[in-house]
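Structure first, commentary second.
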Amino acid sequence: MAVSGSLVEKNMSLSSRSDSFSSDGRDLETVPETGCLSIIVLGASGDLAKKKTFPALWNLYRQGFLQSNEVHIFGYARTRISDDELRDRIRGYLVDSHGASTDDLPQFLQLIKYVNGGYDSEEGFRLLDKAISEHEFSKNSQEGTSRRLFYLALPPSVYPSVCKMIRNFCMNKSDLGGWTRIVVEKPFGKDLDTSEELSNQLGDLFDEKQLYRIDHYLGKELVQNLLVLRFANRFFLPLWNRDNIDNIQIVFREDFGTEGRGGYFDEYGIIRDIIQNHLLQVLCLVAMEKPVSLRPEHIRDEKVKVLQSVLPISYEEAVIGQYEGYKDDPTVSDKSNTPTFATVVLRIHNERWEGVPFILKAGKALNSRKAEIRVQFKDVPGDIFRFCSGVKQGRNEFVIRLQPSEAMYMKLTVKKPGLEMATIQSEMDLSYRQRYQGVTIPEAYERLILDTIRGDQQHFVRRDELKVAWEIFTPLLHKIDNGDLKPIPYKPGSRGPAEADKLLEKAGYVQTHGYIWIPPTL
Numbered sequence: 001m002a003v004s005g006s007l008v009e010k011n012m013s014l015s016s017r018s019d020s021f022s023s024d025g026r027d028l029e030t031v032p033e034t035g036c037l038s039i040i041v042l043g044a045s046g047d048l049a050k051k052k053t054f055p056a057l058w059n060l061y062r063q064g065f066l067q068s069n070e071v072h073i074f075g076y077a078r079t080r081i082s083d084d085e086l087r088d089r090i091r092g093y094l095v096d097s098h099g100a101s102t103d104d105l106p107q108f109l110q111l112i113k114y115v116n117g118g119y120d121s122e123e124g125f126r127l128l129d130k131a132i133s134e135h136e137f138s139k140n141s142q143e144g145t146s147r148r149l150f151y152l153a154l155p156p157s158v159y160p161s162v163c164k165m166i167r168n169f170c171m172n173k174s175d176l177g178g179w180t181r182i183v184v185e186k187p188f189g190k191d192l193d194t195s196e197e198l199s200n201q202l203g204d205l206f207d208e209k210q211l212y213r214i215d216h217y218l219g220k221e222l223v224q225n226l227l228v229l230r231f232a233n234r235f236f237l238p239l240w241n242r243d244n245i246d247n248i249q250i251v252f253r254e255d256f257g258t259e260g261r262g263g264y265f266d267e268y269g270i271i272r273d274i275i276q277n278h279l280l281q282v283l284c285l286v287a288m289e290k291p292v293s294l295r296p297e298h299i300r301d302e303k304v305k306v307l308q309s310v311l312p313i314s315y316e317e318a319v320i321g322q323y324e325g326y327k328d329d330p331t332v333s334d335k336s337n338t339p340t341f342a343t344v345v346l347r348i349h350n351e352r353w354e355g356v357p358f359i360l361k362a363g364k365a366l367n368s369r370k371a372e373i374r375v376q377f378k379d380v381p382g383d384i385f386r387f388c389s390g391v392k393q394g395r396n397e398f399v400i401r402l403q404p405s406e407a408m409y410m411k412l413t414v415k416k417p418g419l420e421m422a423t424i425q426s427e428m429d430l431s432y433r434q435r436y437q438g439v440t441i442p443e444a445y446e447r448l449i450l451d452t453i454r455g456d457q458q459h460f461v462r463r464d465e466l467k468v469a470w471e472i473f474t475p476l477l478h479k480i481d482n483g484d485l486k487p488i489p490y491k492p493g494s495r496g497p498a499e500a501d502k503l504l505e506k507a508g509y510v511q512t513h514g515y516i517w518i519p520p521t522l
């Protein structure tokens with residue numbers, strides 16, 4: 001089937017759905033959005049804003065999702081710089097974005113205005129509100145119809161003070177269809193208590209429908225495909241359960257270390273940084289039941305039910321590691337107990353998944369870089385081909401490669417070409433670069449910012465969902481923090497601690513030797 005249509009049409013189809021509702025139940029197609037839009041990036045001079053937030057806004061602009069006649073972008077930070085200095089700082093991060101034309105870049109940069117101020121400064125936020133109001137007045141927006149999106153590209157420690165300033169000095173009147181929405185980045189606390197404290201502080205200032213807790217993994221193309229794969233394809237329905245699936249792995253691997261982020265990383269570790277949020281969100285979509293509809297709250301209800309069914313983690317089913325040389329970073333304590341690697345087995349106590357281990361694995365300084373979901377099916381009963389090749393063939397696996405080289409492939413046993421009856425491992429492969437040539441896959445931040453503008457909270461973490469997620473991992477994290485569980489040293493460039501492979505084997509995973517998936521070339 002040919003792939004056609006403009007880039008805008010392609011991306012619009014990616015973000016639209018037939019049953020589209022905002023978080024408060026309003027039809028997204030009929031919500032009146034007549035007022036101008038102000039996007040305020042707090043922490044505008046930081047790395048996250050320069051590398052992710054502003055490039056996402058630029059891509060939305062050049063694809064037509066942000067119109068110059070209605071949107072204005074404000075940067076706010078403590079750094080004393082001018083509008084032009086901010087534009088110059090971010091320009092280099094935009095020119096290579098998607099390899100696209102930069103003809104419209106000067107016009108986009110002129111939409112950006114900078115306001116300097118402290119994150120607890122009444123004066124600074126009054127100046128910010130004045131700048132926003134002047135823009136709204138210039139667009140002849142009726143009072144109460146304007147839209148204000150505050151993106152907090154900031155450390156969580158300043159969320160309470162910043163949100164208090166926004167609440168007191170920068171809110172839009174929302175009685176005539178306008179709104180104020182707050183996007184907050186992870187980490188949302190360090191354990192259950194700190195997360196609840198932060199949730200209470202933000203909850204005292206804003207309604208849940210105004211808060212967008214962003215987890216960029218929920219904006220990835222293959223993650224967003226999970227609901228479609230599971231519930232729009234008949235052949236998956238009878239297979240997706242404990243009767244056919246032996247184990248499921250959700251894996252995140254990096255082939256580099258902390259690289260200048262040692263001080264930040266040492267405060268959190270791999271479980272807080274990756275497993276408790278990114279991988280657990282993927283688990284929810286893999287394991288949840290079919291929602292009543294595609295309304296955001298129906299989907300998030302099912303995610304919460306799955307998390308509530310997770311049994312307490314057995315410490316015998318957790319392996320943590322720390323790569324050799326990690327503590328050579330001068331910003332890392334010589335006595336650091338922080339794991340840079342972890343494998344944790346979660347077990348879901350419900351009718352569909354009883355007895356199926358969900359293996360969450362993440363690590364830094366390993367021998368490869370990838371993120372994937374690996375669903376391994378049970379052995380074929382009464383296998384009549386088991387001796388055809390002299391060795392037992394591997395199990396069927398359905399693999400969803402999230403990054404890099406986005407793909408889905410089913411690993412199968414097939415007849416080896418030739419005159420002999422011999423079997424071999426092969427695959428049915430959907431590799432995105434090959435199949436969807438010419439289609440640019442949007443970055444996760446583009447999708448999620450667009451969802452925020454549209455009022456769609458489906459791909460954002462709800463407060464009760466966050467609480468249950470921390471309830472699962474807090475006991476294990478406290479055991480590590482207290483030094484009761486020590487990380488096992490492993491060599492950079494390896495698979496991680498050997499004990500992790502033993503845990504996989506004990507959990508039931510059977511590795512296929514001699515088979516390697518190779519992404520097809522164009």
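In terms of full-length UniProt numbering, the sequence shown has 43 at position 43, counting the first letter as 1, and numbering is strictly consecutive.
Note that beta-carbon positions come from the ideal geometry of N, C-alpha and C, so glycine has one too.
All values derive from a computational prediction rather than experimental measurement.
State the DSSP-derived secondary structure class of Asn69, mapped to helix, strand or coil.
coil
By how many angstroms is the C-alpha of Gly177 removed from the C-alpha of Val31?
Note that Val31 scores 44 on pLDDT, short of 50, meaning its location in the model is unreliable; the coordinates nonetheless yield the value given after this. So the alpha carbons of these two residues sit roughly 8 Å apart.
Rounded to whole angstroms, what is the Cα-Cα separation between Ile112 and Gly496?
45 Å
Taking only the alpha-carbon atoms, compute the straight-line gap between Ser23 and Asp104 and give it to the nearest angstrom.
Only weak support is given to the placement of Ser23: the predicted model assigns it a pLDDT of 47, under 50, and the value that follows is read from those uncertain coordinates. Cα to Cα, Ser23 sits roughly 33 Å from Asp104.
If I'm right that Leu128 touches Tyr76 with Cβ under 8 Å, what's the distance once you round it to whole angstroms?
6 Å
Around the C-beta of Ile516, are 16 or more other C-beta atoms found within 10 angstroms, so that it is buried, or is it exposed?
exposed
Spatially closest choice to Leu192 from Asn482, Glu499, Pro492 and Leu477, by CA coordinates:
Leu477
For Asn116, is the classification buried or exposed, using 16 other Cβ atoms within 10 angstroms of its Cβ as the cut-off for buried?
buried
How many Å lie between Ser195 and Cys163 at the Cα?
16 Å
Which residues in the same chain as Met171 place their Cβ atom closer than 8 Å to its Cβ, once the five residues preceding and following it in sequence are excluded?
Arg148 and Thr180
Distance, Arg62 Cα to Gln281 Cα:
30 Å
For Asn367, the nearest candidate out of Glu254, Gln107 and Arg78 (CA to CA)
Glu254
Within 10 angstroms of the Cβ of Ser138, are there 16 or more other Cβ atoms? Answer buried if so, exposed if not.
exposed
Identify every residue that forms a DSSP beta bridge with Trp179.
Arg147
With a CB to CB cut of under 8 Å and the five nearest residues on each side skipped, what residues in its chain are close to Ile518?
none
Using 8 Å as the threshold, is the segment 331-344 in touch with the segment 285-295, meaning 3 or more CB pairs across them?
no
By a C-beta neighbour count over all protein chains shown, 10 Å radius and 16 as the cutoff for buried, is Asn59 buried or exposed?
buried
Compute the beta-carbon to beta-carbon distance between Ser38 and Ser121, rounded to the nearest angstrom, for a pair I have assumed lies under 8 Å.
Wrong, their Cβ atoms sit about 19 Å apart, outside the cutoff.
Should Arg401 go down as buried or exposed, given a rule of 16 or more other Cβ atoms within 10 Å for buried?
buried
Inter-stretch contact at 8 Å, needing at least 3 Cβ pairs: the segment 368-380 / the segment 243-259:
yes
Are the segment 342-350 and the segment 498-517 touching by the rule of at least three beta carbon pairs closer than 8 Å?
yes
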